[in-house]
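Below is one structure; the comments refer to it alone.
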Amino acid sequence: MSNDARTRAYRDTHLAQNWSKKDVYRSLKRAVAREIYQALVGRCVVPDYSDLRPARHAKNLTLAAAATDLHVWPTAISQIERGKRRDDQLAQAYREWLNAA
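When you line the sequence shown up against full-length UniProt numbering, it's residues 1 to 101, in that order.
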């Protein structure tokens, strides 16, 4: 607490509002937990796979053919194409397969 200016300001503000130290620390723990949670599950950049399905359709390839060659279930390919699943290695292999086909 002695190193972070935001934490000191948070503590001082609440102590000035006649909060007990126990209440301030409990509230501070919750604030830190919220911040950590947002850092863990917050916004992360997800690759755009929206070009895969049109590329497959343009070459008249089926999901089954792609799945067979990539040794995965067709639903895995479909989920990647629709943005419901993130698997960077499979998406890269699928993109290379589409370019080679």
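All residues carry an ideal CB built from backbone N, CA and C; glycine is no exception.
Cβ-based burial, residue i [other Cβ within 10 Å; buried from 16]
{"i": "residue 40", "result": "exposed"}
{"i": "residue 52", "result": "buried"}
Residue i vs residue j beta-carbon contact at 8 Å
{"i": "residue 78", "j": "residue 63", "result": "yes"}
{"i": "residue 91", "j": "residue 54", "result": "no"}
Best match in the options for proximity to residue i [C-alpha to C-alpha]
{"i": "residue 57", "options": "101, 11, 5", "result": "101"}
{"i": "residue 70", "options": "29, 23, 94", "result": "94"}
{"i": "residue 44", "options": "25, 74, 86, 99", "result": "86"}
{"i": "residue 89", "options": "65, 25, 68, 49", "result": "49"}
Residue i in three-state terms, based on DSSP
{"i": "residue 61", "result": "coil"}
{"i": "residue 74", "result": "helix"}
{"i": "residue 56", "result": "helix"}
{"i": "residue 69", "result": "helix"}
{"i": "residue 49", "result": "coil"}
{"i": "residue 82", "result": "helix"}
*Just list the alpha helix (DSSP H) runs in the region 1-37, keeping only unbroken ones of 4 residues or longer that don't cross its boundaries, in chain order.*
5-16
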